[in-house]
Each structure stands twice: as structure tokens, then as C-alpha cells.
Amino acid sequence: VSADPSACTDVELLAAIVGGPKQIEIADAVLSHFQGNLHRLHQAASAELVSIPGVGESTAARLRSALVLSRRLTMSVSNLADVNSPADAYGFCLDMETFDVEHLRVIVLNTRSKVIGAVDVYKGSANSAQVRAGEVFRPALQRNGTAIIIAHNHPGGDPTPSPDDVALTRALVNAGKMLEISVQDHLVIGHGRYVSLKERGLGFV
381 VSADPSACTD
391 VELLAAIVGG
401 PKQIEIADAV
411 LSHFQGNLHR
421 LHQAASAELV
431 SIPGVGESTA
441 ARLRSALVLS
451 RRLTMSVSNL
461 ADVNSPADAY
471 GFCLDMETFD
481 VEHLRVIVLN
491 TRSKVIGAVD
501 VYKGSANSAQ
511 VRAGEVFRPA
521 LQRNGTAIII
531 AHNHPGGDPT
541 PSPDDVALTR
551 ALVNAGKMLE
561 ISVQDHLVIG
571 HGRYVSLKER
581 GLGFV
């Protein structure tokens, strides 16, 4: 690997994780298996990885560890980062593109629209009948936040908001008014794209 990893190809970076005398060959086989699609690799389970020629349990474990670490890095929030647009908020949700079940994330903002926390409060189906407002607003209350942005993923990859997504948004916006915590937006995360319900006027009228 080059002293500057940013100058390396995907195969070279993957080979550094794989290690061993056949690292380039194995890394190439892994990328070929996923047709060069890093998103698919990010989603891969260990069982699929070990089905690739040259990838044993230990190599699969190293790959999975690197993938988990990258998710945690994406999830880690730099305190006092500015969020002034849906695109800014989306930057705190990139790891959600790889989740195979729905997660509901709450991004907490202070009075200057700076991020002071991001918490996944639900895992599994997150619809208006199951989500409790208290759970959604708790991260803001604990951090003295004045606003939140909520985000959830569609594991199928299509971020088109469902009627239930709109109903959930409307319910949380109304609850936020009672708590004096503004719901700034609700993002639906798909594969490589997202939808802002605020921009579409869904649930915010």
C-alpha cells in the first residue's frame, strides 16, 4: 500500500486488509464477486464472504471488522458540526444505507444548528403506531437540545416516503411543538440517495 492510501485502488486497499502472500489475488476475487460494488461488499455477511475462493474464516473476520469500523467511524459525530441543509444531515446517516433492517436515528441540534449528538432510538419497523415520542425526543432532552432531525432507512434501497412515514413525521412534529423541540426534518435513507420530507412538504404542514 502506498504511503498515501488515498492514491491506492480499491483492490490495493482491500489487499492491505486481507494480508498474506495472495492478498492481491484474493482482494480482486472479492471485488469481482461483488462486481466492484463497495456498497454490496459493505452489506455482505460472513457466510457470503467465505464462499469466495481464497477467503477463509480469518480473512472474512478481518473484512467484517474493517466494515464495522467504517460504519462506526461514519456514525461518530463531530461535536458542533453545522447542519444547515438536508445534505448536511445526510452526512450523519451514510452508514444507514447498509443496514438490512430499519433504524430510526435522532440527530440533536443546539440553538445554533450545531450537532450535539446522534442516537439510534429504534431498530426494526419504525412506524407511527410503534414509535413513542418520548423515545425520540429523549436524546434532545438529555442534551438540552432545541431541535432534532430524524432519519430512518429503507433496507430495500428506495427512499420514497410511505404514507406511514408521513404520518410518523406529522405526529413527531406535533409532539415537538408541545415539548418546544423543533423537528427540523425527516430523512428517508435509501441506497446512495435520500429524500427530505421537509423539502417535499410531507408531514410539516
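Numbered according to the working numbering, the sequence shown spans residues 381 to 585. All C-beta atoms, glycine included, are put in the ideal place defined by N, C-alpha and C.
Quiz item: From E477 to E560, what distance separates their C-alpha atoms?
Solution: For E477 and E560, the distance between alpha carbons rounds to 31 Å.
| query | Looking at the structure shown, is A396 part of a helix, part of a strand, or coil, going by DSSP? | reply | If DSSP states are grouped into helix, strand and coil, A396 belongs with the helices.
Residues that DSSP places opposite L567 in a beta bridge
According to DSSP, which records beta bridges pairwise, L567 is partnered with A531, S576.
Taking contact to mean at least 3 C-beta pairs separated by less than 8 Å, is the segment 464 to 475 in contact with the segment 433 to 449?
When C-beta atoms of the segment 464 to 475 are compared with those of the segment 433 to 449, fewer than three pairs fall below 8 Å, so the two segments do not count as touching.
task = Look up K557 in the DSSP assignment and say whether it is helix, strand or coil.
result = Helix, per DSSP.
Requested in this report: Report the residue from A555, R518, V568 whose alpha carbon sits nearest the alpha carbon of G536.
Outcome: Comparing Cα-Cα distances from G536 to each of A555, R518, V568, the minimum goes to V568.
**Asked** Nearest-angstrom Cα distance between E515 and F472?
**Response** In a straight line, the C-alpha of E515 is about 19 Å away from that of F472.
- Task: Use the C-beta contact count for L489: other C-beta atoms within 10 angstroms, 16 or more gives buried, fewer gives exposed.
- Result: Here L489 is buried, its C-beta having at least 16 other C-beta atoms within 10 Å.
Using only CA atoms, which one of E482, I487, P519, I496 lies nearest to Y502? When each option's Cα is compared against that of Y502, the closest is E482.
Contact between the segment 420 to 428 and the segment 398 to 409 is defined here as three or more beta-carbon pairs at a separation below 8 Å; is this criterion met?
Taking one beta carbon from each stretch, the segment 420 to 428 and the segment 398 to 409 have fewer than 3 pairs nearer than 8 Å; the two do not touch.
Backbone secondary structure at D544 - three-state DSSP = Here D544 sits in helix by DSSP.
Does DSSP put S562 in a helix, in a strand, or in coil?
-> It is a strand residue.
Return the Cβ separation of L411 and L394 in integer angstroms, given the expectation that the two are a contact with Cβ distance under 8 Å.
Sure, about 6 Å apart at Cβ, within 8 Å.
**Message:** Taking the beta carbon of K578 as the centre, do at least 16 other beta carbons fall within 10 Å, making it buried, or is it exposed?
**Reply:** Of the residues assessed, K578 falls on the buried side of the cut-off, its CB having 16 or more other CB atoms within 10 angstroms.
Practice problem: Quick one: grab the DSSP three-state call for V495. | Solution: Looking at V495 - three-state DSSP - the assignment turns out to be strand.
Query raised in the report: So E437 and V430 are in contact, right, with Cβ under 8 Å, and what is the actual spacing, rounded?
Result: Correct: roughly 6 Å between the Cβ atoms.
**Request:** Determine the closest residue to D544 out of S562, L474, S505, with distance taken between C-alpha atoms.
**Result:** Of the candidates S562, L474, S505, the one whose C-alpha sits nearest the C-alpha of D544 is S505.
- Count the other CB atoms, across all protein chains shown, that sit within 10 Å of the CB of G581; report buried if there are 16 or more and exposed otherwise. The residue is exposed, with fewer than 16 neighbouring Cβ atoms inside 10 Å.
Worksheet item: Helix, strand or coil: how does DSSP classify D500 here?
Response: Correct three-state label for D500: strand.
Check: Where does V410 fall in DSSP's three states?
Finding: If DSSP states are grouped into helix, strand and coil, V410 belongs with the helices.
**Asked** Per DSSP, which one or two residues make a beta bridge with R485?
**Response** Listed as beta-bridge partners of R485 by DSSP are D500, A531.
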